Amino acid sequence: MSNFFKETDIDTSQAEAIVTETLKNCDDGELYLENHKSESIVLDDNKIKSSTYNSDQGYGFRAVTGEVVAYSHSNDISKESLRKSSDNLKDTLKSKKGTYNHEIPKTNNKYYKNINPIESKTFDSKIDLLNSVNNYLRSKGSIVNQVTANFLGEHKSIEIIRSDNQVLKDDRPLVRFNVSVVLEKDGKKETGVYGVGGRQSYDDYLKDGSWKDVCDEAFRIANVNLESKPAPAGEMKVVLGPGWPAILIHEAIGHGLEGDFNRKKTSAFHNLMGQQVASEGVTIVDDGTLHQRRGSLTIDDEGTPTENTVLIENGILKNYMQDRLNARLMGTKSTGSGRRESYKHVVLPRMRNTMMLSGKYSQDEMISSVDKGIFAVSFGGGQVDITSGKFVFNCTEAYEINNGKIGSPIKGATLIGDGPSILKEVSLVGNDMKLDPGIGTCGKAGQGVPVGVAQPSILINKMTVGGTKL
Amino acid sequence: MIRDQEFLKDIASYCIENSKKLGATDVGVKVIHSVSENVSFRNKKLDESNRADSFAVSLTTYIEKKKSSINSSDLSKSNLEKLIERCIDATKITPSDENNSLPDKDLMSKEIRDLNLYDETHYPNDKKIEFLKNIEETASTDEKIVNTEAGFTENKNNFILANSNGFLGGYKTSNFSSSCVAVSRINGAMERDYEFGSTRFLQDMMKPEEIGKIAADKAIKKLGPKKIKSEKIGVIFDKRISKGILSTLASAISASAIARGTSFLKDQINSEVFPNSINIIDDPKIEKGLGSQNFDSEGVETNSLKLVENGILKNYLIDTYYGKKLNLKSNGRSGGTTNLHFENGTLSFKDLLNSEKKFLYITETIGHGGNIITGDYSVGASGFMVEDGELTYPISEITIAGNFKEMFKNITLANDLEMKYSTNAPTLLINQMTVAGK
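Those protein sequence lines, which keep their order, are chains A and B.
Read in the numbering used here, the first sequence has 1505 at position 231, and its numbers run on one by one without any break.
Read in the numbering used here, the second sequence has 131 at position 42, and its numbers run on one by one without any break.
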């Protein structure tokens, strides 16, 4: 737990006084303090390419009245700096008058332990493991052209001081371990990438040789791609595998169900509440309460406890994801989805762990029902245009399906679809829901936050596959 | 206010001296201060006002050929002392790499030219608000526009870069940027488009009315898009996205991708990569340029570089570390390109549109479908159909795909190059790409 006012010319009660005075005519706001330590150690091209340690601390002071957000942030936690920020906020909102909303629910739940993953594994042992990864992969033969592996670890302490002297705190560990391998065969090069992570220590993911599983998976993907043929172009049936392919859900409908876009009526979903937006049997939730998951939070970045928010239940749109500002303006309550990348950023409603729940079909049933289509197993990333609803995601491992049988692997291709209609094209929902391995970062308005996704296998009736083969 | 050079120099010197005291044989350090003020409007009302005051120090210490780095936003000497110690401790136990070193002394920048990168004008918030009101006023004149957002950001930066070989340099830069996003609607379906301006000097900023009008016009033109059939067709890239071709080239010819063997252009130096009419230049010394710089992120002098001459790849983008791996000298591209652009083409925009009966004109791509290792490319796209030289109807929910190696060889440039971003390209045509639609 950080003491933010140690070694400064200000103490907690003085800071609280400034907060209360600044926000007295506002609807909402807080002083958000953050201490963030992170490390990155990278092995590349047979060498430890870099080892970096970052230490960042600062505050973001926010005042909200009506729809207007005034924000000021600085690294300098001092009386003068806070006063300057306070003047700034008051000046922006001088013509407005609001009533402070004191209500922040309490929680005793905790979804991760307060450990610092950077310190819980020695530097030497991290270097040793990176070298072991390199040796292990290169021992698989001369087709291994390049190996990159890295540790990314962080510990973030936050403190939120609200107008009524209410203080909320959270300590968040987060790690990620990635392996990328490039294979070369007959002049052709392909990459395979895999990673694991979450809100625990590195060893929880890597112990007992499980780091070898990460290497094997990266190697397997690259190896499959060495045999890949050009991908088809055009509309066809698509079977998505379980787990990480749920970035389809994240892009196609997740972003469109964030409160801000719906309050502003710029989301393709803004007038669809209570309506059927997906096939019957499709249920999607956004859950911040899964233990140790990458997208989980005990409290969000406004201090609201997170929850399991039902977005779509049996095909019907039930809820948006809300932060305090958008919830207030839409006459509802925060779903604990208010997040920010750091003290340098304003709060936005964001996803946590977005999941489509299991149905009753097996993956085999789906594949055998397809005459001509593709089976997509692994993905790079995706993007969405909220307003038109069009979204894409990039396959990194996919196969042809011909007459109900899985055929040759195909080259990476972009798949494009329309968010509000794609879920109506989901004709079978699998019984094999799986969480992703804990590697996702979601970008919105220039802010990156860790998220998770999950889904079972699904069969989509019609989607455009962006290959080169007509 | 932005802190002066003396203040930043003092921190940089402290870091170098203390690192050396604790056993560093070489040290590199960068200290930055930036102040940023942003105001945004939505539907003609104030939405957000944001002020940022940020410090950053990045330190790399070397013990012979061992290297480690730290970054921090806390410039207090007590904090720096702890972090330097941590950095040295990590350096000691990091394995050596024979290519780790500071840049060669004779490559370092010797004098700092004033490239006109700093405008001290402060544009007060009430002026920004006036500017934004004008943007939105113009953007919302047509009733098909149902939502507008506009923003204005003013940035002031100062930095010092120093190393233990005696290099010390830095200067102030400024940036003013403004944008408008407009949402149009017809029959319940919406489209979004934008316009954006970014300049070093306030006086060079586009007029607010212009920003608003362009955003609104573009959003309206996109309404009612169709999905087309899959086919092979010539694709014209609007200037907003044609520059992406240059960013791809830059990634593929970075010394790191070449040295690691992970570029589709590996072994292509001095080979024909583009048609022979094409020249590509990276010029760091353009006055007021958004990508202009005196030296790169290691302090190495940067000069204008012809990357592609008459279609032939002439230079990689080289930093010190990967330069040593490739046995080449740094050409001041640690941190990437500066003001990267195609030399202007010869065909007018109109003639380009008329050069075939039918084209696809792409104004926006989504997704990250470029693979630098294989050169494979596949992205989501939207734009217009061009028939007999005219934009006939909007198109969306399609993908365009190809391979950069062939795409590069099939480029035709228009002559409408503008220096609007740090990377700039004219409108360009790529023949025979695969479009996937219905």
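Ideal placement from N, C-alpha and C gives every residue a C-beta, glycine not left out.
All values reported here derive from a predicted model rather than from experimental measurement.
In chain B, which residues lie with their C-beta within 9 Å of the C-beta of residue i?
i	result
Phe1425 of chain A	None at all; the shortest Cβ gap to chain B is about 13 Å.
Ser1346 of chain A	Ser138, Asn139, Arg140, Ala141 and Asp142
Since residue i and residue j are thought to touch, with beta carbons under 8 Å apart, how far apart are those beta carbons, to the nearest angstrom?
i	j	result
Ser1437 of chain A	Leu1297 of chain A	4 Å
Asp1659 of chain A	Leu1622 of chain A	About 17 Å; that fails the 8 Å criterion.
Tyr405 of chain B	Asn188 of chain B	Not really, about 16 Å apart at Cβ, beyond 8 Å.
Leu441 of chain B	Ile325 of chain B	7 Å
Should residue i be labelled buried (16 or more other beta-carbon atoms within 10 Å of its own) or exposed?
i	result
Ile177 of chain B	buried
His1565 of chain A	exposed
Ser1413 of chain A	exposed
His1376 of chain A	exposed
Lys155 of chain B	buried
Thr1357 of chain A	It is Arg, not Thr, that sits at residue 1357 of chain A in the sequence shown. So Arg1357 of chain A counts as exposed.
Asn1676 of chain A	exposed
Gly1548 of chain A	exposed
Tyr1476 of chain A	buried
Ala470 of chain B	buried
Asn247 of chain B	buried
State yes or no: is the beta carbon of residue i nearer than 9 Å to at least one beta carbon in chain B?
i	result
Asp1283 of chain A	no
Thr1628 of chain A	no
Tyr1327 of chain A	yes
Lys1463 of chain A	yes
Asp1318 of chain A	yes
Phe1397 of chain A	yes
Gly1610 of chain A	no
Lys1384 of chain A	no
Is there a Cβ from chain A that is less than 9 Å from the Cβ of residue i?
i	result
Glu501 of chain B	Sequence inspection shows Thr at residue 501 of chain B; the Glu mentioned does not correspond to that position. Judged by the 9 Å Cβ criterion, Thr501 of chain B is not in contact with chain A.
Cys104 of chain B	no
Asp163 of chain B	yes
Arg329 of chain B	no
Gly456 of chain B	yes
Cys176 of chain B	yes
Thr337 of chain B	no
Thr463 of chain B	yes
Glu486 of chain B	yes
Ser343 of chain B	no
Ile334 of chain B	no
Lys377 of chain B	no
So, with DSSP's three-state summary, where would you put residue i?
i	result
Ala1542 of chain A	coil
Phe326 of chain B	strand
Met1547 of chain A	coil
Gly353 of chain B	A quick correction: the sequence has Phe, not Gly, at residue 353 of chain B. Coil at Phe353 of chain B, not helix or strand.
Val1620 of chain A	coil
Asp1534 of chain A	helix
Ser1642 of chain A	helix
Tyr1769 of chain A	In this structure chain A extends from 1275 to 1744, so residue 1769 of chain A is not present and cannot be described.
Cys1716 of chain A	strand
Ala341 of chain B	helix
Leu312 of chain B	coil
Ile407 of chain B	coil
Leu1702 of chain A	strand
Ala113 of chain B	coil
Ser444 of chain B	coil
Met1625 of chain A	coil
So which residues on chain A does residue i lean against when the C-beta distance must stay under 9 Å?
i	result
Pro184 of chain B	Lys1321, Ile1322, Ile1401 and Asn1405
So residue i contacts chain A; which residues on that side make the cut at Cβ distance below 8 Å?
i	result
Asp136 of chain B	Glu1341, Val1342 and Val1343
Val468 of chain B	Val1666, Thr1688 and Gly1740
Asp279 of chain B	The amino acid occupying residue 279 of chain B in the given sequence is Met; Asp does not appear at that position. Under the 8 Å cutoff, chain A gives Thr1540, Ala1542, Thr1661 and Ser1662.
Ala179 of chain B	Ser1325, Tyr1327 and Phe1397
Taking C-beta pairs closer than 7 Å, name the residues in chain B that residue i reaches, listed in chain order.
i	result
Lys1685 of chain A	Asp465
Thr1366 of chain A	Ser138
Name, please, each residue of chain B whose Cβ falls closer than 8 Å to the Cβ of residue i.
i	result
Gln1657 of chain A	Ile455, Gly456, His457 and Gly469
Phe1535 of chain A	Those within 8 Å of Phe1535 of chain A in chain B number zero; the least Cβ separation is about 10 Å.
In chain A, which residues lie less than 7 Å from residue i when you measure between Cβ atoms?
i	result
Gly350 of chain B	Asn1419 and Gln1420
Phe144 of chain B	Asn1349
Quick one: does the C-beta of residue i sit closer than 8 Å to a heavy atom of the ligand HEM?
i	result
Lys377 of chain B	Annotation note on the ligand HEM: not contained in the displayed structure, which lists no ligands.
Does residue i come within less than 9 Å of chain C when only Cβ atoms are used?
i	result
Ser158 of chain B	The displayed structure is made up of protein chains A and B, and chain C is not among them.
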